[in-house]
Amino acid sequence: MTEAASFSACPACSAAPAADALAKGQARALRETHITLSVPAVHCAACISTVEHALAAAPGVAAARVNLTLKRASVETDGAVSAEDLVQVLARAGYEAHELDAGTLAATQTDRAGRDLLMRLAVAGFASMNVMLLSVSVWSGAEDATRDMFHWISAAITLPTIAFSGQPFFRNAWTALKAGRLNMDVPISLAIALALVTSLWETMLSGEHAYFDAALTLTFFLLAGRYLDHRTRAVARSAAEELAALEVPRAQRMLADGTSETVEVAALRPGDLIRVRPGGRMPVDGEITEGRSELDRSLLTGETVPVFAAPGQGVSAGEVNLTGPLTVRATAVGRDTSLHRMAELVAIAESGRSRYTSLADRAAKLYAPGVHILSALAFVGWWLYSGDLRTALNIAAAVLIITCPCALGLAVPAVTTAASGRLFKRGMLIKHETALERLAEVDTVVFDKTGTLTAGTPAPLDLDRYDRPTLELVLALAEGSSHPLSLALSKAIRAMGLAPARITDLTERPGYGTEARMGDRIVRLGRASWLGAAESDTTATYLDAGQGAPVAFRFTDALRPGAAEAVAALQAAGKEVILISGDSTAAVEALATRLGIGKWMAGALPGDKAARVSALQEKGAHVLMVGDGLNDTAALTTAHVSISPASALDAARVASDIVLLGGDLSPIPEALVTAQKATARIRENFRIATLYNVIAVPLAVVGLATPLVAAIAMSTSSITVSLNALRLR
Numbered sequence: 000m001t002e003a004a005s006f007s008a009c010p011a012c013s014a015a016p017a018a019d020a021l022a023k024g025q026a027r028a029l030r031e032t033h034i035t036l037s038v039p040a041v042h043c044a045a046c047i048s049t050v051e052h053a054l055a056a057a058p059g060v061a062a063a064r065v066n067l068t069l070k071r072a073s074v075e076t077d078g079a080v081s082a083e084d085l086v087q088v089l090a091r092a093g094y095e096a097h098e099l100d101a102g103t104l105a106a107t108q109t110d111r112a113g114r115d116l117l118m119r120l121a122v123a124g125f126a127s128m129n130v131m132l133l134s135v136s137v138w139s140g141a142e143d144a145t146r147d148m149f150h151w152i153s154a155a156i157t158l159p160t161i162a163f164s165g166q167p168f169f170r171n172a173w174t175a176l177k178a179g180r181l182n183m184d185v186p187i188s189l190a191i192a193l194a195l196v197t198s199l200w201e202t203m204l205s206g207e208h209a210y211f212d213a214a215l216t217l218t219f220f221l222l223a224g225r226y227l228d229h230r231t232r233a234v235a236r237s238a239a240e241e242l243a244a245l246e247v248p249r250a251q252r253m254l255a256d257g258t259s260e261t262v263e264v265a266a267l268r269p270g271d272l273i274r275v276r277p278g279g280r281m282p283v284d285g286e287i288t289e290g291r292s293e294l295d296r297s298l299l300t301g302e303t304v305p306v307f308a309a310p311g312q313g314v315s316a317g318e319v320n321l322t323g324p325l326t327v328r329a330t331a332v333g334r335d336t337s338l339h340r341m342a343e344l345v346a347i348a349e350s351g352r353s354r355y356t357s358l359a360d361r362a363a364k365l366y367a368p369g370v371h372i373l374s375a376l377a378f379v380g381w382w383l384y385s386g387d388l389r390t391a392l393n394i395a396a397a398v399l400i401i402t403c404p405c406a407l408g409l410a411v412p413a414v415t416t417a418a419s420g421r422l423f424k425r426g427m428l429i430k431h432e433t434a435l436e437r438l439a440e441v442d443t444v445v446f447d448k449t450g451t452l453t454a455g456t457p458a459p460l461d462l463d464r465y466d467r468p469t470l471e472l473v474l475a476l477a478e479g480s481s482h483p484l485s486l487a488l489s490k491a492i493r494a495m496g497l498a499p500a501r502i503t504d505l506t507e508r509p510g511y512g513t514e515a516r517m518g519d520r521i522v523r524l525g526r527a528s529w530l531g532a533a534e535s536d537t538t539a540t541y542l543d544a545g546q547g548a549p550v551a552f553r554f555t556d557a558l559r560p561g562a563a564e565a566v567a568a569l570q571a572a573g574k575e576v577i578l579i580s581g582d583s584t585a586a587v588e589a590l591a592t593r594l595g596i597g598k599w600m601a602g603a604l605p606g607d608k609a610a611r612v613s614a615l616q617e618k619g620a621h622v623l624m625v626g627d628g629l630n631d632t633a634a635l636t637t638a639h640v641s642i643s644p645a646s647a648l649d650a651a652r653v654a655s656d657i658v659l660l661g662g663d664l665s666p667i668p669e670a671l672v673t674a675q676k677a678t679a680r681i682r683e684n685f686r687i688a689t690l691y692n693v694i695a696v697p698l699a700v701v702g703l704a705t706p707l708v709a710a711i712a713m714s715t716s717s718i719t720v721s722l723n724a725l726r727l728r
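Everything in the sequence shown is counted per numbering that gives the first Met the number 0, starting at 0 for the first residue and increasing by one.
Below, the structure is given as structure tokens:
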């Protein structure tokens, strides 16, 4: 109860002058906004100048910049101007414009990252083919000036290519070194750099061997693995950004004279009266002061059955007003709303997940220092032994190339790609690069109820118990409402081949139900409290036919396909299965009993679910969370690994590591088995790479392997690793 209260409570406003001044300063900061517009008609420098000048001249605009490539205008405002105002400004200047939301911008950044990798891969591949052709000429017997010319041409192609294509590795390596740690990109970057230095040294001394082709080929294959990993994960937007995109940007604030004005949500303050029309989303946390309606509270509870809304009832940001207009007095705005707090929960959980270290990086902590030390010792030893800097540099390069963690770098993406392909055929999409590794460690599975284990749509029970006139009357009344229970009744009774009874004056009473006249009597379909009926212990709606006591029509929620099989298989595999739901105790207990789940929790809010998952993990459990609602988002990101169905809300799908493309839950146990096999293959690949190094490194250290032989040996180990990964298929 205390945690739930913290989601909607708001401190009282201070009236002190100093506090007022501070509040005004904060208000000005909040009103400063950034607006991004799509301007598809921009195509030249003159267009850029026209658009920027038109926007800059608009009142309230601090700065405006146009990106010609993306055809977008970024506008900094003081909050006094809206996106619609700017769209009109550009329309008068002759340019069509549209506002872009946070979700669209984040998705574009993801697309841009994929295109960037693909471009670098294409450049490396093209350059590698050309340098390989030149190398063939050298291997075929080119000598002296001809050989040197081919080497210099290769250098001219290789150096700018590596500078461009190798940036992902160089940046990651530099970032790791600045943080005082090592990752797989550090030895990769050193191997590429040393191959280039050695090749340039040989070329300047008119040497016979240069290894530009080896450096380019190494870069190409590593980029291929990086891009394949990017595509396999289908990198999605941040779940915190997805939640923030659900925040309502503008609201209707009531004025003292009874009229309303449209304002930015950032301009609202606790105590303001806000008008929310039917179909609108709550912009703030508050209390209803006027109106009756029904609220879709699936945001916080995950349950699809709407709840009655009347004066005095609290509401939370993000809830949807369904049937009648409401006036709400704001109690929490901006960063204090439940929706924003949920986004903060998700952001914190995501940052925790990002600290998970992959097997490859854990191996690098031991592997990379050893490689660097060995190469340095070989260089110093041969320099002291032979006194020839050229020989020492060649042997050091051979050691670093032959021990280059290309095999280790490919070990994870090769296995992940194979495992992801296998799971994709079973209807599961892997999104996160470490999801399979984390999935293999799972020992506890937490399920949400509505929409996850169940279908999330109400289905009427025992309609054959009622006579034909009763069902026809119910059909007539139900078709006058868009309430989920009414829709389910209409669909089920229509499927029985029945037609609606003749009624007149059909009206919907927001928050209560439908009412009509049948002959000389009033008939109603709706809530028990409205009809004076006793509440059922299950979901139900009631018919008052004007003759006798109201009749209850009860509903159930059907199991999602494969739910029972998935729970049974997980329990058989020794996993602990827990059910956590925002639904009532009776409904959750009934489902837990039906599926044989011994541990369950009812009435859980988003913070409760995330806290429960955190508590399990603090005890050492590795939790798999399976959920579909916005209320599950924090728990999905808190869990060790998470899965959501494709039918889930966008934010839940984004927050999860794996998406079920179909409606069947039965692939989940198989996914755990596949993940365990994939992890075993990764460890096998590490052992293969280690065995290869035990054999190859001594040969390089004693000078029996040139850098070219080292590059060939390194490629052979990479191919072996890839073939081992394919065994997963």
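In this text, a Cβ means the ideal position worked out from N, Cα and C, and glycines have one as well.
Could you give the distance in angstroms between the alpha-carbon of residue i and the alpha-carbon of residue j?
i: residue 120; j: residue 217; result: 11 Å
i: residue 220; j: residue 723; result: 17 Å
i: residue 55; j: residue 97; result: 17 Å
i: residue 263; j: residue 60; result: 15 Å
i: residue 425; j: residue 150; result: 50 Å
i: residue 699; j: residue 184; result: 22 Å
i: residue 586; j: residue 306; result: 16 Å
i: residue 729; j: residue 89; result: Here the chain has residues from 0 to 728 only, and residue 729 is not among them.
i: residue 53; j: residue 76; result: 14 Å
i: residue 490; j: residue 449; result: 20 Å
i: residue 556; j: residue 623; result: 24 Å
i: residue 444; j: residue 436; result: 16 Å
i: residue 210; j: residue 194; result: 6 Å
Given a threshold of 16 other Cβ atoms within 10 Å of its Cβ, counted over all protein chains shown, does residue i qualify as buried or as exposed?
i: residue 203; result: exposed
i: residue 525; result: buried
i: residue 726; result: exposed
i: residue 145; result: exposed
i: residue 173; result: exposed
i: residue 513; result: buried
i: residue 21; result: Annotation note: pLDDT 35 at residue 21 (below 50); position unreliable, coordinate value reported separately. It is exposed - the Cβ of residue 21 has fewer than 16 other Cβ atoms within 10 Å.
i: residue 58; result: exposed
i: residue 665; result: buried
i: residue 618; result: exposed
i: residue 301; result: Unreliable positioning characterises residue 301 in this predicted model, as indicated by a pLDDT of 47, which lies under 50. The coordinate reading is nonetheless provided below. Burial call: buried.
i: residue 23; result: Reliability fails at residue 23, whose pLDDT of 40 lies under 50, so the model's placement of it is uncertain and no value is given.
State yes or no: is the C-beta of residue i within less than 9 Å of the C-beta of residue j?
i: residue 507; j: residue 322; result: yes
i: residue 602; j: residue 581; result: yes
i: residue 192; j: residue 164; result: no
i: residue 215; j: residue 126; result: yes
i: residue 451; j: residue 559; result: yes
i: residue 325; j: residue 274; result: yes
i: residue 441; j: residue 634; result: no
i: residue 374; j: residue 399; result: yes
i: residue 434; j: residue 656; result: yes
i: residue 50; j: residue 65; result: yes
Identify which residue in the options has its Cα closest to the Cα of residue i.
i: residue 678; options: 499, 198, 159, 417; result: 417
i: residue 509; options: 481, 554, 494; result: 481
i: residue 254; options: 328, 598, 310; result: 328
i: residue 527; options: 700, 543, 610, 213; result: 543
i: residue 34; options: 178, 73, 428; result: 73
i: residue 95; options: 137, 39, 143; result: 39
i: residue 280; options: 429, 467, 319, 520; result: 319
i: residue 669; options: 117, 571, 459; result: 571
i: residue 563; options: 383, 454, 385, 272; result: 454
i: residue 704; options: 207, 206, 259, 397; result: 397
i: residue 457; options: 198, 537, 515; result: 537
i: residue 466; options: 719, 446, 500, 613; result: 500
i: residue 561; options: 659, 522, 616, 553; result: 659
i: residue 464; options: 158, 550, 697, 289; result: 550
i: residue 117; options: 79, 223, 142; result: 223
Does at least one heavy atom of the ligand FAD sit under 8 Å from the Cβ of residue i?
i: residue 450; result: No copy of the ligand FAD occurs in the structure displayed, which carries no ligand at all.
(message) In chain order, what are the residue ranges of uninterrupted alpha helix (DSSP H) at least 4 long that sit wholly in the segment 640-705?
(response) As for any alpha helix (DSSP H) of minimum length 4 sitting wholly inside the segment 640-705, the runs are 649-654, 666-700, ordered along the chain.
(message) Extract the residue ranges of the beta strand (DSSP E) inside the segment 522-558, only unbroken runs of 3 or more that lie entirely within it.
(response) Listed in chain order, the complete beta strand (DSSP E) runs (minimum 3 residues) inside the segment 522-558 are 539-543, 550-558.
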